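So the structure is just underneath, and the comments pick up after that.
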Amino acid sequence: MRSWVKIVGVRNIKTEVSLLLKIKQRFKVTVRCNKCGEKYILRGKRTSEGQFETGFKRCICGNEEHLEVDANPE
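One point on numbering: in full-length UniProt numbering, the residue at position 1 of the sequence shown is 1, and numbering is uninterrupted.
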């Protein structure tokens, strides 16, 4: 019976670790400006709202709104 408790404990730890890895997973984020066509490749993390945080603010042409964002797990 003790071994069963240990196995359940190990499974819980594995589940917690896998959840942490999913939360902290980094993404390769490609940002393309629809105004001038400039392309930026950045690393980022997914926020709790489902967006990607890369630190990117605006394109060199000044565009902050018309951006195409694509993300893939690293």
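Ideal Cβ placement from N, Cα and C applies to all residues, glycine included.
Computed from a predicted model, the values in this text were never measured in an experiment.
Asked: Below 8 Å on the Cβ atoms is my guess for asparagine 63 versus cysteine 33; work out the distance and round it to an integer in Å.; Found: 5 Å
Asked: How long is the line joining the alpha carbons of threonine 54 and glycine 44, rounded to whole angstroms?; Found: 4 Å
Asked: Going by DSSP in three states, glutamate 64 sits in which element: helix, strand or coil?; Found: coil
Asked: Where does cysteine 61 land, buried or exposed, given buried means 16+ other C-beta within 10 angstroms?; Found: exposed
Asked: Could you check what DSSP says for arginine 58 in three-state terms: helix, strand or coil?; Found: coil
Asked: Tell me the residue span of the beta strand (DSSP E) that contains cysteine 33.; Found: 26 to 33
Asked: Taking the C-alpha atoms as reference points, what is the distance between arginine 46 and leucine 67?; Found: 17 Å
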